[in-house]
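Colleague:
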Amino acid sequence: MADLLLIAASAAECESLAAFGQAYGAGYDILCLSGSAPTDLGAERVLNANSEVPTADALASALAPIAKEYKVVAASASMTGKDWAPRLAGLVDRPMASDIIAVLGPGRFSRPMYAGNVIADVEIGASEFVLTVRSTAFASPKRSGGSVSEDVSLSYSGSTDRTGVAASDGGRPDLCQARVVVSGGRPLKDAETFEKLIGGLADVLGGAVGATRAAVDNGIAPNELQVGQTGKVVAPELYIAAGISGSTQHMAGMKDSKVIVVINTDPEAPLFEIADYGLVQDLFIAVPELIEKLRA
-11 MADLLLIAAS AAECESLAAF GQAYGAGYDI LCLSGSAPTD LGAERVLNAN SEVPTADALA
49 SALAPIAKEY KVVAASASMT GKDWAPRLAG LVDRPMASDI IAVLGPGRFS RPMYAGNVIA
109 DVEIGASEFV LTVRSTAFAS PKRSGGSVSE DVSLSYSGST DRTGVAASDG GRPDLCQARV
169 VVSGGRPLKD AETFEKLIGG LADVLGGAVG ATRAAVDNGI APNELQVGQT GKVVAPELYI
229 AAGISGSTQH MAGMKDSKVI VVINTDPEAP LFEIADYGLV QDLFIAVPEL IEKLRA
């Protein structure tokens, strides 16, 4: 039996977790909570729960019996993973490390600290533990063979019920998994303008939409789109920042992006310091032109 269990919220999350599993260097199984996981990611077994993901408390309780069968359990360091993984660690009485970005050896990992300004090497003094992994920190996994696939049933119980479900944003990719992210800041002024420009550019690129904390605090963008230290941490192939000066808090959430493009009227904006490409231009001029050119 494998020592490592990778728990993915969706089929899309399986690939990035498999990349961590291969870097970890031990046999691993994949448990996909919703949808069907690919069978060519090198896992010994693929387990498909095919169920709606419940509240964090209920999910942690349902996963605890399965987690006890493995030495190490790893989940994505997404907003969802950060919610239920600590609860699971408490239920199975194991230590936990979060936001893993590199494997150094058995029980030894690297993780960012202090808004990403420090990379710490941590060692877990136990043979059994729980991790959350920054999925974008690892290269694409090697494809190999066909894993044994089976359906499993998770037993959800508890007094906490989900009271509502928010509508998704029109089928755009998940912010933490997207290859392209377009983010906007406070200069967008209102939600309609934000969606027209930032959402429009993201859509022609097949990407996800992000926002700064200032944009969220001013009601321009919803909270789930916030990128930064207190929001979501992303590292896409392409990150486009329009009208974002670049606070330390925001840069902590996107500075590991492979290519960073900045559009800002202020040539002294801090974000230009980490940009691969910069355009000193009004976003209200530049973004519509980009959308028009890309649609042509």
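For the sequence shown, counting from 1, position 112 maps to 100 in my numbering; every step adds exactly one. All C-beta atoms in this analysis are idealised placements derived from N, C-alpha and C, irrespective of residue type, glycine included.
Do you know offhand how far Ala11's Cα is from Val91's?
Modeller: 7 angstroms
Colleague: Gln10 by DSSP, collapsed to three states: which one?
Modeller: helix
Colleague: What residues are listed by DSSP as bridge partners for Ser171?
Modeller: For Ser171, the pairing in a beta bridge is given by DSSP as Gly198, Ala229.
Colleague: Could you give the first and the last residue of the continuous beta strand (DSSP E) run that contains Met(-11)?
Modeller: Counting along the chain, Met(-11) falls outside any beta strand (DSSP E), and DSSP gives it neither H nor E.
Colleague: Specify whether the stretch 55 to 65 and the stretch -9 to -2 touch according to this definition: at least 3 beta carbon pairs, one from each stretch, less than 8 angstroms apart.
Modeller: yes
Colleague: Of the residues Ala202, Leu51, Val140, which one's Cα is nearest the Cα of Gly78?
Modeller: For the options Ala202, Leu51, Val140, the alpha carbon positioned closest to that of Gly78 is the one of Leu51.
Colleague: Compute the distance between the beta-carbons of Leu176 and Ala37, then report whether it is under 9 angstroms.
Modeller: Not in contact: Leu176 and Ala37 (Cβ atoms no closer than 9 angstroms).
Colleague: For a quick check, are the C-beta atoms of Ala(-1) and Cys20 less than 9 angstroms apart?
Modeller: A contact, by the Cβ cut-off of 9 angstroms.
Colleague: Rounded to a whole number of angstroms, what is the C-alpha to C-alpha distance between Ala203 and Gly15?
Modeller: 43 angstroms
Colleague: Here's the rule: buried if 16 or more other CB atoms are within 10 angstroms of the residue's CB, otherwise exposed. What is Tyr227?
Modeller: Around the C-beta of Tyr227, 16 or more other C-beta atoms lie within 10 Å, and the residue is accordingly described as buried.
Colleague: I'd like the list of long-range same chain contacts for Ile18, defined as Cβ closer than 6 angstroms, with 5 residues on each side in sequence excluded.
Modeller: Leu(-6), Cys2, Ala25, Ala31, Val34
Colleague: Compare the Cα-Cα distances from Val247 to each of Arg167, Thr200, Gly173, Val197 and report the closest residue.
Modeller: Arg167
Colleague: Can you look up Asp139 in the DSSP assignment and give me helix, strand or coil?
Modeller: strand
Colleague: Using the Cβ count rule (16 or more neighbours within 10 Å means buried), how would you classify Leu282?
Modeller: Exposed.
Colleague: Can you name the start and end residues of the alpha helix (DSSP H) that Gly93 belongs to?
Modeller: Gly93 -> not in any alpha helix (DSSP H); beta strand (DSSP E) instead, spanning 90 to 93.
Colleague: Answer yes or no: do Gln237 and Gly216 have a C-beta to C-beta separation smaller than 9 angstroms?
Modeller: yes
Colleague: Please go through the same chain and pick out, in chain order, the residues whose beta-carbon is closer than 8 angstroms to the beta-carbon of Gly113, but skip the five residues on each side of it.
Modeller: Pro83, Gly95
Colleague: Which runs of the alpha helix (DSSP H), 4 residues or longer, sit entirely within the stretch -1 to 82?
Modeller: -1 to 12, 44 to 55, 67 to 79
Colleague: Report yes or no: is there a C-beta of chain D within less than 9 angstroms of the C-beta of Ser98?
Modeller: Protein chains in the displayed structure number just one, and chain D is not present.
Colleague: Does DSSP put Ala155 in a helix, in a strand, or in coil?
Modeller: For Ala155, the pLDDT reaches just 47, beneath the cut-off of 50, and the residue's location in the model is therefore unreliable, although a value from the coordinates is still provided. The answer is coil: DSSP assigns Ala155 none of H, G, I, E or B.
Colleague: Could you tell me which of Val118, Lys130, Met242, Ile88 sits nearest to Val110, measuring between CA atoms?
Modeller: Of the residues Val118, Lys130, Met242, Ile88, the one whose Cα lies closest to the Cα of Val110 is Ile88.
Colleague: From the DSSP output, in three-state form, read off Met242 for me.
Modeller: coil
Colleague: Which same chain residues, not among the five before or five after Ala155, have their C-beta less than 6 angstroms away from its C-beta?
Modeller: Here the model assigns Ala155 a pLDDT of 47, short of 50, so the residue's position is not dependable, and the following value carries that caveat. If we look at Ala155 and ignore the five residues flanking it on each side, it has no Cβ neighbours.
Colleague: Let me check understanding here. Comparing Cα to Cα, which of Leu5, Ala263, Arg75, Glu183 lies closest to Ser128?
Modeller: Leu5
Colleague: Could you say which of Glu40, Asp71, Asp254, Val80 lies nearest to Gly219 if we only look at CA atoms?
Modeller: In terms of CA proximity to Gly219, Asp71 leads the group Glu40, Asp71, Asp254, Val80.
Colleague: What's the C-alpha gap between Asp244 and Ala223?
Modeller: 5 angstroms
Colleague: Return the chain-ordered list of same chain residues with a C-beta closer than 7 angstroms to the C-beta of Ala115, the five sequence neighbours on each side being excluded.
Modeller: What sits at residue 115 in the sequence shown is Ser, not Ala. Only Lys59 meet the Cβ criterion.
Colleague: Within 10 angstroms of the Cβ of Arg99, are there 16 or more other Cβ atoms? Answer buried if so, exposed if not.
Modeller: buried
Colleague: Could you have a look at Ala114 and say whether DSSP puts it in helix, strand or coil?
Modeller: coil
Colleague: Is there at least one non-hydrogen atom of the ligand ATP closer than 8 angstroms to the beta-carbon of His238?
Modeller: Annotation note on the ligand ATP: not contained in the displayed structure, which lists no ligands.
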